[in-house]
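**Q** Numbering (full-length UniProt numbering), first residue to last: 1 to 327. First the structure, then my questions, so here it is.
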Amino acid sequence: MLYQTPDNPLPPVHMDGTFRTHDGIDLRYAVFKGKTSPPKGTVVLLPGRSEPIEKYAETIADITNAGLWVATFDLRGQGGSPRLARNKRLGHVRRFSDYQKDLDAFFEQIVLPDAKLPFFLVGHSTGGLIALASARRIGNRVERIVVSAPFLGLASTRPSPRMVRFVALLMCLIGFGGRASRKDRDYSKFETNAVTSDPRRFARNQAIFDAYPELTLGPPTWRWVRECLKAGRKVVSPAYLQSITVPTLILGPTADRVASYPEIERMSRYFRAGKLIPIDGSEHEVFQEAEKYRAQAMAALLAFIPGGFAEPVRLIEEEETSETTTG
């Protein structure tokens, strides 16, 4: 089931429901049709940590208006998918590879049989890390990849990122991996947020969580921190980056206070198949940012993802009207 609020209508849904993971978890998904015929392909959209499908309604509309389908799902442990920790507020994952296996299952059960070729992968933050970590294994399925603010490491923090990695490892070793890595703070006020400079989009997204609190998520567990930081270190290694052959666009918000922009910049130096587009001044959630930042990101995304066939493109609505008239 998908949810709407007055300021956040969803585009028409082609199909939605759940799909079964390798370990028996039913994850919530949705597929949205593009606005042109023939379709230009399908974008598989991977959200960031704590982000439900509904938060991407505007971005999904922009992509479908450009003639592409969108297939997306709530990551395990968040949104409308089952929670994995005893405390349902905590974002948890047992192994980072579970995220990758979930993506494999989504392709096998939903995307390959029901979506339209060619396929493209777009991931934000944690979703961007999943996309990068999966780039080699799905290279024969997707034409291009776009990652926005991929979570390769923490932005400058106190304690230092190095200390956070050490503490996360220690907490997992002593059996506290399922505990919260920080206090469950209230981030419902725009003044205390660290992800967007746009008060309108922030208020719109907060209205979703106010209306449907079951979609909200609190802090991550130490196991989640450990697994994601470990995966981030792996994907930035030169040997791994040089093995990726899928053309990849990296959208890097330079004012990011969540994920490390310097890590993104360093990665781009060794990433032969990757191209970095800095979004100067943008905070972490590029697709939820002020228009002067978000417009750059969307323009780059839609220019990078190739679309269309040789046949002329027609609006689906026009095609359906014509068929009704002649019928």
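Glycine residues also receive a C-beta, built at the ideal position from the N, C-alpha and C atoms. Computed from a predicted structure; not experimentally measured.
For Val121, which residues in the same chain have their Cβ closer than 6 angstroms to its Cβ, ignoring the five residues on either side in sequence?
**A** It is worth fixing the name first, because residue 121 is Leu in this sequence and not Val. Only Val44, Ala131, Val142, Ile145 meet the Cβ criterion.
**Q** Once you ignore the five residues that flank Leu27 on each side, which residues in its own chain have a CB closer than 7 angstroms to its CB?
**A** Thr18, Phe19, Thr21, Phe73, Asp74, Arg76, Ser81, Asp102
**Q** Could you check if Leu2 is buried or exposed, using at least 16 other CB atoms within 10 Å of its CB as the buried criterion?
**A** exposed
**Q** Does the beta-carbon of Glu54 have 16 or more other beta-carbons within 10 angstroms, so that it is buried, or is it exposed?
**A** buried
**Q** So, do the region 53-69 and the region 145-155 have three or more beta carbon pairs nearer to each other than 8 angstroms?
**A** Judged by Cβ distances under 8 angstroms, the region 53-69 makes no contact with the region 145-155, as fewer than three pairs qualify.
**Q** If distances are taken between C-alpha atoms only, which option among Ala105, Thr221, Asp98 comes closest to Arg89?
**A** Thr221
**Q** Compare the Cα-Cα distances from Leu264 to each of Ser237, Ser243, Phe287 and report the closest residue.
**A** According to the sequence provided, residue 264 is Ile. The question's Leu does not apply to it. That would be Ser237, whose Cα lies nearest to the Cα of Ile264.
**Q** Compute the Euclidean distance between the alpha carbons of Gly34 and Leu68, then round it to the nearest angstrom.
**A** If you take the alpha carbons of Gly34 and Leu68, they lie about 5 angstroms apart.
**Q** On a CA-only basis, which of Phe96, Glu291, Asn65, Thr36 is nearest Asp198? Give me that one, please.
**A** Glu291
**Q** One question on the structure: do Thr196 and Glu285 come within less than 8 angstroms of each other, judged by their Cβ atoms?
**A** yes
**Q** Look at the alpha carbon of Ala135 and the alpha carbon of Tyr293, and state the distance between them as a whole number of angstroms.
**A** Near 26 angstroms, if we compare the C-alpha coordinates of Tyr293 and Ala135.
**Q** Taking Phe106 as part of the alpha helix (DSSP H), name the residues at either end of that continuous run.
**A** Note, Phe106: alpha helix (DSSP H), 96-106.
**Q** Since Gln288 contacts Arg201 with CB under 8 angstroms, what's their CB separation in whole angstroms?
**A** 5 angstroms
**Q** Pick out the complete alpha helix (DSSP H) segments inside the region 123-191, 4 residues or longer, and give them in chain order.
**A** The qualifying runs are 126-133, 161-173.
**Q** Could you name the residues of the same chain whose beta carbon sits closer than 6 angstroms to that of Ile277, not counting the 5 residues immediately before and after it, in chain order?
**A** Leu251, Ala300
**Q** With hydrogens ignored, establish whether the beta-carbon of Thr245 is closer than 7 angstroms to any heavy atom of the ligand COA.
**A** Although the ligand COA was asked about, the structure shown includes no ligands whatsoever.
**Q** Could you give the DSSP three-state label for Thr64: helix, strand or coil?
**A** helix
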